[in-house]
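Student:
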Amino acid sequence: MAGERKVGTVTSVAQHYEMGPVALAVIKRSVAPDEILTVLDGGEPYPAAQELIVAPDAGQIVGRQTGFLRGPH
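As numbered in my numbering, residues 16 to 88 make up the sequence shown, in order.
Listed below in structure tokens is the structure:
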């Protein structure tokens, strides 16, 4: 697995009655939606695919002010 890096963590797994094994994972937003993923379980690689739940650009606000929050004056 040379050149690969960890981009997330599997948080839970289950057996779906039609799809077989499924898992929920949290991965970095910088991972492209069409990226080929592999889950390592005890060193054993398993192919994985992602289904987007949150849009990759969600939460990005252009021109957002930074700094401390201030109360009414």
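Idealized CB from N, CA, C, for every residue including glycine.
From Glu50, Ala29, Val28 and Ala40, pick the residue whose C-alpha is nearest to that of Ile68; which is it?
Tutor: The count along the sequence shown starts at 1 and reaches residue 68 at position 53. The shortest C-alpha separation from Ile68 is found at Ala40.
Student: When you compare only the Cα positions, how much space is there between Val28 and Val37?
Tutor: As a position in the sequence shown, residue 28 is number 13, starting the count at 1. As a position in the sequence shown, residue 37 is number 22, starting the count at 1. Looking at the two C-alpha atoms, the distance is approximately 6 Å.
Student: Mind reading off the beta-carbon distance from Thr53 to Ala63? Whole number of angstroms is fine, and I expect it under 8 Å.
Tutor: As a first step, residue 53 must be located in the sequence shown, where it is residue number 38. As a first step, residue 63 must be located in the sequence shown, where it is residue number 48. Rounded, the Cβ-Cβ distance is 6 Å, consistent with contact.
Student: Distance, Cα to Cα, Thr24 vs Tyr32?
Tutor: Sequence index remark: in the sequence shown, residue 24 carries index 9 (1-based). Sequence index remark: in the sequence shown, residue 32 carries index 17 (1-based). Using only the alpha carbons, I get a separation of about 24 Å.
Student: Beta strand (DSSP E) containing Ile42: first to last residue?
Tutor: Indexing the sequence shown from 1 puts residue 42 at position 27. Per DSSP, Ile42 belongs to the beta strand (DSSP E) from Gly35 to Ile42.
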